[in-house]
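Chains A and B, in that order, give the protein sequences. Take the first sequence: its letters are residues 43 to 154, numbered as in the working numbering. Take the second sequence: its letters are residues 104 to 295, numbered as in the working numbering.
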Amino acid sequence: MTALLAAPALASIGLGHFLVLSALMFALGLVTAATRRSAVAILMGVELILNAAALNFVAFSHYSHGAITGQVFAVFVVVLAAAEATVALAIVLAVFRGFRSVDVTDVGTLKG
Amino acid sequence: MPGVETFVFYGLAALILGGAGGVAFSRNILHAAFLLLLTLSGTAGLYFFLGADFVGVAQILIYVGGILVLLLFAVLLTNRIGDVRMSNRNVGYLTAVPVVLLVTAFLTCAIALGAWAHTEAVPAPTTARLGDAFLREFLLPFELVSLVLLMALVGAMVVARRAVRDRGDASEGALPAEAVSGPAPLGTGGTP
């Protein structure tokens with residue numbers, strides 16, 4: 043373990059570390075969004091994906107001479123995720139009142 | 104010899120990936136919602152690690168304080184609390200797993216092959232520069248996003264209100280009593 047950490051590629055934290063971490067988080071979010079049946083759990087997967095993207099923005103911002111644009115975009119991502127979660131959860135509650143279920147495979151009709 | 108930052112990074116990365124793995128594979132949706140807390144807090148820690156103090160605080164306030172509480176509300180409102188095990192069933196691993204592995208391999212190849220810049224960053228607080236950027240270069244997106252937030256607020260209220268009104272129509276007897284007793288205290292209090 044210490045030998046692994048002492049290797050130069052792993053010991054000094056660079057941009058690649060953040061990119062790999064964010065890719066893994068994106069993949070786990072994709073797994074969640076693709077395999078869950080509950081609409082709320084799918085929303086959690088989308089939040090993971092958005093977080094991975096925002097982390098990428100901030101990491102790029104930090105490793106490019108402190109340019110601020112990446113952080114601006116990360117703030118926009120957070121704000122839009124909040125708006126998206128609000129509307130999506132209102133829809134989930136409306137669907138639940140209509141169908142008594144939030145299973146996305148049960149909700150097969152659009153007419154209320 | 105690895106420095107402190109190495110341990111901080113790997114600790115936060117373990118927190119994030121553990122939480123995200125729990126969200127992806129937990130069988131209880133309430134556990135998944137609480138494990139999302141680990142991931143979001145770990146991401147906020149990485150923002151502080153990267154010197155993005157304002158983004159980190161915004162992450163904690165909006166994600167952990169807002170979105171996560173909203174998600175917990177949705178979980179608790181849409182599952183029968185009486186159930187001991189809130190079901191969080193999965194479907195379609197057969198197609199999902201190959202696709203996800205393919206995407207991950209593609210991303211890893213892109214990261215490994217890309218020639219990323221290795222510049223040393225300036226460890227300084229960025230809140231002032233961020234505010235400057237919002238009010239100069241990014242003024243139009245900044246105003247537009249406030250419009251988007253207003254629309255989301257109104258839209259969420261409209262959608263949720265319709266659901267409440269539908270429920271009121273279903274139970275005929277309760278609606279008139281509610282309608283009379285609702286504005287009555289306001290009216291009597293306002294007129295002397």
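Built from N, CA and C at the ideal position, the CB exists for glycine as well. Model, not experiment: these values are computed from the prediction.
Alpha-carbon spacing of THR128/A relative to PHE141/A, whole angstroms: As a working mapping, residue 128/A is identified with position 86 in the first sequence. As a working mapping, residue 141/A is identified with position 99 in the first sequence. About 20 angstroms.
Among residues of its own chain, excluding the 5 on either side of GLN113/A, which ones have a beta-carbon nearer than 8 angstroms to its beta-carbon? Taking the first residue of the first sequence as position 1, residue 113/A is located at position 71. Closer than 8 angstroms at Cβ, skipping near neighbours: PHE99, VAL100, SER103.
Under a three-way DSSP split, which group does SER274/B fall into? Along the second sequence, read from residue 1 onward, the residue named residue 274/B stands at position 171. Confidence is the limiting factor: at SER274/B the pLDDT is only 48, short of 50, which leaves the residue's position unreliable, though a coordinate-based value still follows. Looking at SER274/B - three-state DSSP - the assignment turns out to be coil, as it is neither helix nor strand.
In chain order, what residues of the same chain lie with their CB nearer than 7 angstroms to the CB of ASP156/B, ignoring the 5 residues before and after it? As a position in the second sequence, residue 156/B is number 53, starting the count at 1. Excluding positions up to five away in sequence, the list reads PRO228, THR229, THR230.
Cα separation between THR109/B and LEU247/B? What you label residue 109/B is simply residue 6 of the second sequence in a count that begins at 1. What you label residue 247/B is simply residue 144 of the second sequence in a count that begins at 1. Going by the C-alpha atoms only, they are around 39 angstroms apart.
Alpha carbon to alpha carbon, how far is HIS59/A from ALA95/A? The residue labelled residue 59/A in the question sits at position 17 within the first sequence. The residue labelled residue 95/A in the question sits at position 53 within the first sequence. Distance between the alpha carbons of HIS59/A and ALA95/A: 14 angstroms.
Span of the alpha helix (DSSP H) around ASP235/B: One-based indexing of the second sequence puts residue 235/B at position 132. Here the alpha helix (DSSP H) through ASP235/B covers 230-238.
At 7 angstroms on the CB atoms, spell out the chain A contacts of ALA127/B, in chain order. Taking the second sequence and counting its residues from 1, one reaches residue 127/B at position 24. By Cβ distance, chain A contributes LEU70, VAL73, THR74.
Looking only at its chain, what residues have a beta carbon closer than 7 angstroms to the beta carbon of GLY185/B, apart from the 5 residues adjacent to it on each side? Taking the second sequence and counting its residues from 1, one reaches residue 185/B at position 82. For GLY185/B, the predicted model reports a pLDDT of 47, less than 50, meaning its position is unreliable and no value from the coordinates is stated.
List the residues of chain A that PRO244/B touches, going by C-beta distances under 7 angstroms, in chain order. Mapped onto the second sequence, residue 244/B falls at position 141. Those within 7 angstroms of PRO244/B in chain A are PHE118.
Helix, strand or coil: how does DSSP classify ASP24/A here? Any answer about residue 24/A is impossible in this case: the structure gives chain A only from 43 up to 154.
For the putative contact between ALA125/A and VAL160/B, defined by C-beta atoms under 8 angstroms, what is the C-beta separation to the nearest angstrom? Within the first sequence, the letter at position 83 stands for residue 125/A. Within the second sequence, the letter at position 57 stands for residue 160/B. The Cβ separation is near 19 angstroms, so there is no contact.
Assuming contact is defined by CB atoms lying nearer than 7 angstroms, are SER129/B and ALA135/B in contact in what I supplied? Stepping through the second sequence from its first residue, residue 129/B is reached at position 26. Stepping through the second sequence from its first residue, residue 135/B is reached at position 32. Yes, these two residues count as a Cβ contact at 7 angstroms.
Go to ILE110/A, then tell me how far its alpha helix (DSSP H) extends in each direction, as first and last residue. Locating residue 110/A in the first sequence gives position 68, where the first residue counts as 1. Counting along the chain, ILE110/A falls outside any alpha helix (DSSP H), and DSSP gives it neither H nor E.
What are the residues of the region 120-139 of chain A that lie near chain B, defined by any Cβ-Cβ distance shorter than 8 angstroms? VAL120, VAL121, LEU122, ALA123, ALA124, ALA125, GLU126, ALA127, THR128, VAL129, LEU131, ALA132, ILE133, VAL134, LEU135, ALA136, PHE138, ARG139
DSSP three-state assignment for ARG142/A, whether helix, strand or coil: Locating residue 142/A in the first sequence gives position 100, counting from the first residue. The answer is coil: DSSP assigns ARG142/A none of H, G, I, E or B.
Contained alpha helix (DSSP H) runs [length at least 4] in the region 105-147 of chain B, N- to C-terminal order: 107-128
Burial state of THR181/B, where buried means 16 or more other Cβ atoms lie within 10 Å: Within the second sequence, the letter at position 78 stands for residue 181/B. Classification for THR181/B: buried.
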